[in-house]
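**Q** First the structure, then my questions, so here it is.
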Amino acid sequence: MGSSDRQWWKLSKSLLLSSKSRSSVPPLQSADGSWARDAPDKARALADAFRARSSLPAVAPNEFTPIIAPSYGSGHVEVSDELCVSVLKSLDEASATGPDGVPSRLLKHCREELAPHVAALCNLMLREGRWPSVWRLHWVHPMYKRKSRSDAKNYRGVHLTPQLSKAVERVFAKLLEGRLEFGPRQFAYKKGHGHRDALLFNICSWLSCLESGCRVGLYCSDVSGAFDKVDREYATRKVRSAGLPRQLASVLESWLDDREQQVFVQGSKSSCFGLRDSVYQGTVLGPQPWNLYFADSRFAVPRVGLTEVVYADDLNAFKAFLRRVPANDVLERLQQCQVSLHRWGFGNRVEFDLGKEDIFLLDRWSTSCRTFKVLGVVFDEKLRMHAAVHELAVQAGWRLRAILRARAFFTIRQLVHLYRAQVLSYIESGSAAFFHAAASVLSPLDGIHSRFVRALGLTESDAAVRFGMLPLGTRRDIAALGFLHRRVLGLAPRCFDELFPLDGPSTARHETRRLSHLHSKQLRDPVQGRETEVFKRSIFGTIAIYNMLPTSLVDLCSVKRFQFVLAASFREQARVGTLGWEGMFSTSRRTMNIVRFQSSIVRVMA
96 MGSSDRQWWK LSKSLLLSSK SRSSVPPLQS ADGSWARDAP DKARALADAF
146 RARSSLPAVA PNEFTPIIAP SYGSGHVEVS DELCVSVLKS LDEASATGPD
196 GVPSRLLKHC REELAPHVAA LCNLMLREGR WPSVWRLHWV HPMYKRKSRS
246 DAKNYRGVHL TPQLSKAVER VFAKLLEGRL EFGPRQFAYK KGHGHRDALL
296 FNICSWLSCL ESGCRVGLYC SDVSGAFDKV DREYATRKVR SAGLPRQLAS
346 VLESWLDDRE QQVFVQGSKS SCFGLRDSVY QGTVLGPQPW NLYFADSRFA
396 VPRVGLTEVV YADDLNAFKA FLRRVPANDV LERLQQCQVS LHRWGFGNRV
446 EFDLGKEDIF LLDRWSTSCR TFKVLGVVFD EKLRMHAAVH ELAVQAGWRL
496 RAILRARAFF TIRQLVHLYR AQVLSYIESG SAAFFHAAAS VLSPLDGIHS
546 RFVRALGLTE SDAAVRFGML PLGTRRDIAA LGFLHRRVLG LAPRCFDELF
596 PLDGPSTARH ETRRLSHLHS KQLRDPVQGR ETEVFKRSIF GTIAIYNMLP
646 TSLVDLCSVK RFQFVLAASF REQARVGTLG WEGMFSTSRR TMNIVRFQSS
696 IVRVMA
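Structure below.
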């Protein structure tokens, strides 16, 4: 170990143990009115709060209680050196060191020498079917969440686990990929599924229902203490019935065994206390057992005819209702869904927080102004998205002001990097949910980008050509086309197949001069001319543009390359000064200059 690695190790190991470090935890008041003022008392008070939070509800077996016979899959599982090298190479050097004192920096830099030993350790665990007991201690650092800082219940614990344990968990997570089934509409912790996919599926489903003249009844559930409250016996039953090879299932069952934790506050630590019936915060494998544990909750929703969308522990269920159906009947159906899902919770020892659950009726002609939050994005019952855009614009505005205050200390290129990391990534995290919003609604967000460009003394064309900073509207268009290309390539979640069906080969007939430009990978265009402007502005309106893209572009097998070529073509049009280049793919323009764009594509791809 080099001297710099040794210093990194000592520093990271001593941070939590140092009594001179500043504590972010003020005096804490207990239920009896007494106060914990020094570090040891704070650590004990927080330990008591964390211990109480993980208590499971009483056993109440019903038809949803998992009583399943083991169904192990066949096949031999073995870990290769190459897999371990890949996992160690991907480690984050800034990740905090756990109780073993081994920094991730050491594992990453010495991956070639350590990989054979890590592989041998993983294969030994597979043969013996158990998780090492030395990796069952968690250091817990308290982090304030909300409300009063003097209440220990308002803190959550950040679990620090051994870095070598995390590396081995990443190896097993790779082995589990494709072997576990979480349901067709579970978007979290699944390869090829993500937060933006869940948002897009929600908004596309709702807009499609509204366009057909229906209303959408929506039920938003809330799990209390997800990840922290998982009955180990039930979780083990579900692991055994998941069809995993016996070796892999045995390791995962052992991984679920009881652990210990210690709370650290300003160099003081609480006594060790038990950590059980959980999928363990701070671990890499935790999300997959939770998805498996929560997966059969979806069977409680179709019993009442609703469609569920799940992201980790967030389950939202919706159904389209004809406008002639009374609102009371819609409410009754949604309440039936709630009762059915809660009954699943009784059978699986999962609690739902009634105070955070709600029912909404999405209707374009509604007089209600209620808003609700799904996956971090604020929606309104008319899906106009004013509240979401306003919230994003306010947050992005102060982030931009903070960057511009310091512009005297950075070059333009450095400011662009800061803007992309701190502002642009934040704005675009929920763009799938408001792609359909009107230009007047999106103008506060688009103004953020324009303000930054002007502050740098650039024009929109200069920013695009010199720094690749395309306008936000252009970036949204490229993102929408990139998703459609992903759907055509079969890389999008399968639940999108019904929303965006492929069209037959007959649409590519060469009957007219215009049709001669069409490629052979057509999507069915639902916009026929009589649809609402909201629907035309949505990603459904982008299908007509995708269908007119050049064949050489659509034939690309990489979505990343596809979007790169589109972005480069926009920069090319900005460089030559094409009028209205930034809105070439806007859904308000359902035709474009094919010849001009094809020549641009040829120049870029050359």
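Just so we're aligned: the sequence shown equals residues 96 to 701 in this note's numbering.
We treat Cβ as the ideally placed atom computed from N, Cα and C, and that holds for glycine.
The structure displayed is predicted, hence computed values, not measured ones.
(1) Quick check on Phe296: does DSSP put it in helix, strand or coil?
(2) Within a Cβ cutoff of 7 Å, which residues of the same chain sit near Val120, ignoring the five residues on either side of it in sequence?
(3) Tell me whether the beta-carbon of Glu272 lies closer than 7 Å to the beta-carbon of Lys286.
(4) How should Ser681 be labelled, buried or exposed, when 16 other C-beta atoms within 10 angstroms of its C-beta is the threshold for buried?
(5) Does Asp408 pass the burial test, meaning 16 or more other C-beta atoms within 10 Å, or should it be called exposed?
(6) Can you name the start and end residues of the beta strand (DSSP E) that Asp46 belongs to?
(7) Taking only three categories from DSSP, how would you classify Tyr521?
(8) Sort Asp424, Arg666, Tyr314 and Val583 by Cα distance to Val649 and report the nearest one.
(9) Which residues does DSSP pair with Val311 in a beta bridge?
(10) Measuring straight from C-alpha to C-alpha, what distance separates Ala191 and Leu201?
(11) Just the Cα atoms here: how many angstroms apart are Ile498 and Leu565?
(12) Within the continuous beta strand (DSSP E) that includes Phe467, where are the two ends?
(13) Would you kindly work out how many angstroms separate the C-alpha atoms of Tyr239 and Pro135, rounded to a whole number?
(14) Quick check on this structure: which residue in Arg335, Ala321 and Phe413 has the alpha carbon closest to the alpha carbon of Asp372?
(15) Give me the DSSP bridge partner(s) of Gly168.
(16) For Val583, which three-state DSSP category applies?
(17) So, helix, strand or coil for Asp475, using DSSP?
(18) Quick one: give me the first and last residue of the beta strand (DSSP E) that Gly369 is part of.
(19) So if DSSP puts His254 in a beta bridge, which residue, or which two residues, is it bridged to?
(20) From Ala330, His254 and Ala189, pick the residue whose C-alpha is nearest to that of Thr160; which is it?
(21) Looking at Ala412 and Leu401, is the spacing between their C-beta atoms short of 7 Å?
(22) Can you tell me which of Ala532, Leu457 and Gln430 puts its alpha carbon nearest to the alpha carbon of Leu449?
(23) Between the region 387-407 and the region 354-370, do at least 3 Cβ pairs fall closer than 8 Å?
(24) Over the uninterrupted alpha helix (DSSP H) stretch that includes Glu486, give me the two end residues.
(25) Could you name the residues that DSSP lists as bridge partners for Val318?
(26) Which of helix, strand or coil does DSSP assign to Trp385?
(27) Look up Leu557 in the DSSP assignment and give the residues it is bridged to.
(28) Please tell me whether Arg670 and Val560 are closer than 7 Å, where the distance is taken between their beta carbons.
(29) What residues match up with Thr160 in a beta bridge as DSSP calls it?
(30) State yes or no: is the C-beta of Leu339 within less than 7 Å of the C-beta of Arg274?
(31) In the DSSP assignment, the beta strand (DSSP E) including Phe359 goes from what residue to what residue?
(32) Would you tell me roughly how many angstroms separate the C-alpha atoms of Gly278 and Ala293, rounded to the nearest one?
(33) Determine which residues share a DSSP beta bridge with Lys364 and list them.
(34) Given a cut-off of 7 Å on the beta-carbon distance, is the pair His254 and Gln376 in contact?
(35) Return the residue from the list Leu123, Gly168, Asp127 and Gln258 that minimises the CA-CA distance to Leu186.
(36) Using the Cβ count rule (16 or more neighbours within 10 Å means buried), how would you classify Arg335?
**A** Looking at the coordinates:
(1) By 1-based counting over the sequence shown, the position of residue 296 is 201. DSSP places Phe296 in helix when its eight states are reduced to three.
(2) Locating residue 120 in the sequence shown gives position 25, where the first residue counts as 1. So the qualifying residues of the chain are Lys137, Pro237 and Val360.
(3) To locate residue 272, count along the sequence shown from 1; it is residue 177. To locate residue 286, count along the sequence shown from 1; it is residue 191. Between Glu272 and Lys286, the C-beta spacing is below 7 Å.
(4) Within the sequence shown, numbered from 1, the residue matching residue 681 stands at position 586. It counts as buried.
(5) Taking the first residue of the sequence shown as position 1, residue 408 is located at position 313. Answer is buried; the Cβ neighbour count reaches 16.
(6) What is shown of the chain runs 96 to 701, which leaves residue 46 out entirely.
(7) Counting from 1 along the sequence shown, the entry for residue 521 is found at position 426. Three-state result, Tyr521: helix.
(8) As a working note, residue 649 is residue 554 in the sequence shown. When only C-alpha atoms are compared, the closest one is Val583.
(9) Position 216 of the sequence shown, counted from the start, is the residue given in the question as residue 311. DSSP, once it has assigned bridges, lists Ala415 and Leu457 as partnering Val311.
(10) What you label residue 191 is simply residue 96 of the sequence shown in a count that begins at 1. What you label residue 201 is simply residue 106 of the sequence shown in a count that begins at 1. Ala191 and Leu201: Cα-Cα distance of roughly 12 Å.
(11) Walking along the sequence shown from the start, residue 498 turns up at place 403. Walking along the sequence shown from the start, residue 565 turns up at place 470. Each residue's alpha carbon lies about 19 Å from the other.
(12) Working through the sequence shown from its first residue, we reach residue 467 at position 372. Phe467: member of the beta strand (DSSP E) spanning Thr466 to Val469, first to last residue.
(13) Counting from 1 along the sequence shown, the entry for residue 239 is found at position 144. Counting from 1 along the sequence shown, the entry for residue 135 is found at position 40. For Tyr239 and Pro135, the distance between alpha carbons rounds to 18 Å.
(14) Counting from one through the sequence shown, the residue named residue 372 turns up at place 277. Answer by Cα proximity: Ala321.
(15) Within the sequence shown, residue 168 is the residue found at index 73, counting from 1. Pro340, per the DSSP bridge assignment.
(16) Within the sequence shown, numbered from 1, the residue matching residue 583 stands at position 488. DSSP places Val583 in the helix class (H, G or I) of the three-state scheme.
(17) Walking along the sequence shown from the start, residue 475 turns up at place 380. It is a strand residue.
(18) Here residue 369 corresponds to residue number 274 of the sequence shown, with the count starting at 1. DSSP places Gly369 inside the beta strand (DSSP E), whose first and last residues are Phe368 to Leu370.
(19) Position 159 of the sequence shown, counted from the start, is the residue given in the question as residue 254. Bridge partners of His254: Val235.
(20) Here residue 160 refers to the residue found at position 65 when the sequence shown is read from its first residue. If we check each option's Cα against that of Thr160, Ala330 comes out closest.
(21) In the sequence shown, residue 401 corresponds to position 306, counting from 1. In the sequence shown, residue 412 corresponds to position 317, counting from 1. Cβ distance < 7 Å, so Leu401 and Ala412 count as in contact.
(22) Here residue 449 refers to the residue found at position 354 when the sequence shown is read from its first residue. For Leu449, the closest C-alpha among the options Ala532, Leu457 and Gln430 is that of Gln430.
(23) Touching, no, given that fewer than three Cβ pairs across the two stretches are closer than 8 Å.
(24) Locating residue 486 in the sequence shown gives position 391, where the first residue counts as 1. Counted as a single uninterrupted DSSP element, the alpha helix (DSSP H) harbouring Glu486 occupies residues His481 to Arg500.
(25) Taking the sequence shown and counting its residues from 1, the one referred to as residue 318 is at position 223. Partner(s): Phe447.
(26) Along the sequence shown, read from residue 1 onward, the residue named residue 385 stands at position 290. DSSP places Trp385 in helix when its eight states are reduced to three.
(27) As a position in the sequence shown, residue 557 is number 462, starting the count at 1. Going by the sequence as given, residue 557 is Asp instead of Leu. Asp557 is not bridged to any residue.
(28) Translated into the one-based positions of the sequence shown, residue 670 becomes position 575. Translated into the one-based positions of the sequence shown, residue 560 becomes position 465. Cβ atoms of Arg670 and Val560: closer than 7 Å.
(29) Sequence index remark: in the sequence shown, residue 160 carries index 65 (1-based). According to DSSP, which records beta bridges pairwise, Thr160 is partnered with nothing at all.
(30) Residue 339 sits at position 244 when you count from the first residue of the sequence shown. Residue 274 sits at position 179 when you count from the first residue of the sequence shown. Using a Cβ distance threshold of 7 Å, Leu339 and Arg274 count as a contacting pair.
(31) As a working note, residue 359 is residue 264 in the sequence shown. Arg354 to Val360 is the span of the beta strand (DSSP E), which, as asked, contains Phe359.
(32) Taking the first residue of the sequence shown as 1, we reach residue 278 at position 183. Taking the first residue of the sequence shown as 1, we reach residue 293 at position 198. When rounded, the distance between both Cα atoms is 13 Å.
(33) Taking the sequence shown and counting its residues from 1, the one referred to as residue 364 is at position 269. Per DSSP, the beta-bridge partners of Lys364 are Phe359.
(34) Reading the sequence shown from its first residue, position 159 is the one you call residue 254. Reading the sequence shown from its first residue, position 281 is the one you call residue 376. Yes, the Cβ-Cβ distance between His254 and Gln376 is below 7 Å.
(35) In the sequence shown, residue 186 corresponds to position 91, counting from 1. Per the Cα distances, Gln258.
(36) If you number the sequence shown from 1, residue 335 lands on position 240. A residue is called buried once 16 or more other Cβ atoms fall within 10 Å of its Cβ, and Arg335 is buried on that count.
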